[in-house]
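Shown next, in structure tokens, is the structure this report addresses.
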Amino acid sequence: MTIACLHTAESNIAVYETAAKALGLPDGMLRHHVRADLLLSAEKVGRLTDEISAETAAVLWHLAEDADAVVLNCSTLGPAASKVAAGAEAPIIRADAMLAEQAVQAGGKVIVLCTVETTIAPTTALFEAAAEATGAEIEVRLVPGAWAYFRAGDLSAYLTSIADAVKAASGEGAVTIAFAQASMTDAVHLLPANCQKPMTGPAAALAVAMAKTTEG
314 MTIACLHTAE
324 SNIAVYETAA
334 KALGLPDGML
344 RHHVRADLLL
354 SAEKVGRLTD
364 EISAETAAVL
374 WHLAEDADAV
384 VLNCSTLGPA
394 ASKVAAGAEA
404 PIIRADAMLA
414 EQAVQAGGKV
424 IVLCTVETTI
434 APTTALFEAA
444 AEATGAEIEV
454 RLVPGAWAYF
464 RAGDLSAYLT
474 SIADAVKAAS
484 GEGAVTIAFA
494 QASMTDAVHL
504 LPANCQKPMT
514 GPAAALAVAM
524 AKTTEG
């Protein structure tokens, strides 16, 4: 059984492997494919264009030909999944969509932290759509300056800035805090024990992928 993962950052491979191990998945089940250029292209123009979306959809279609499930691990590119999900040979799962479904379950105020400006619009649309079922109140919040650290290769400063944002948000009465991007996941290790722990996407996405591969 194989789950193909489409990433836009090499560093997210380790994040997904850690999540897979925590779920008890066997070594080698995940097959990683990195296309950093797709996110870079979206960043340059400030949004997901039809052209970038089509290219992303083509990659997902190709990965589905040789996998039991495909996980799209980029919230900026997420809307591209809908272009091919219906006809692909394997289930295509948006990590951010699985996270959104879980994050709104308890209702109340949900603060979604993100670090890339291009993900604000698709993340807001996704979480607000999910919230219609539970009445949750969604606030998508950019962590200022964080992505510059990531692009400079300073993961320590990147994760520290995210952890600081969580600490600030945890005192604002949110029922749930969520990380919109997988690259943010390891910031949970920098939080004090009494701080609210954010929901993250990788484990949610892989659990759904496993469930879909065993359906029927």
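Heads up, the sequence shown is in the numbering used here, so the first residue is 314 and it goes up one at a time.
No residue lacks a Cβ here, since even glycine has one placed at the ideal position from N, Cα and C.
- DSSP places GLU450 in no alpha helix (DSSP H) but in the uninterrupted beta strand (DSSP E) bounded by 450 to 455.
- Distance check between THR432 and each of ALA367, ASP499, VAL358 and MET314 places VAL358 closest, using alpha-carbon atoms only.
- Counting other Cβ atoms within 10 Å of its Cβ, PRO404 reaches 16 or more and is therefore classed as buried.
- Straight-line spacing of the CA atoms in VAL328 and HIS320 works out to 11 Å.
- ARG407 counts as buried, since no fewer than 16 other beta carbons sit within 10 angstroms of its beta carbon.
- Three or more Cβ pairs drawn from the region 336 to 352 and the region 366 to 384 lie within less than 8 Å of each other, which places the two stretches in contact.
- Here THR437 is not bridged, per DSSP, to any residue.
- Out of LYS525, ALA524, THR527 and LEU439, the CA that lies nearest to the CA of SER395 is found in LEU439.
- In the three-state scheme derived from DSSP, where H, G and I count as helix and E and B as strand, ALA333 is classed as helix.
- Within the same chain, Cβ atoms closer than 6 Å to the Cβ of ALA444 are found at VAL417 and ILE451, the five residues on either side in sequence being excluded.
- Rounded to whole angstroms, the separation of the alpha carbons of ALA459 and GLY341 is 32 Å.
- Burial is judged here by how many other beta carbons sit within 10 angstroms of a residue's own beta carbon; ASP499 has at least 16 and is buried.
- Rounded to whole angstroms, the separation of the alpha carbons of GLN415 and GLY514 is 9 Å.
- With a 10 Å radius around the Cβ and a threshold of 16 neighbouring Cβ atoms, THR527 comes out exposed.
- CA-CA distance, GLY484 to ALA333, rounds to 31 Å.
- Burial check for SER469: the Cβ neighbour count within 10 Å stays below 16, so the residue is exposed.
- If the five residues before and after MET497 are omitted, its C-beta is found closer than 6 Å to the C-beta atoms of ILE475, all from its own chain and listed in chain order.
- The DSSP assignment places 489 to 492 as complete runs of the beta strand (DSSP E) inside the region 457 to 496, in order along the chain (cut-off: 3 residues).
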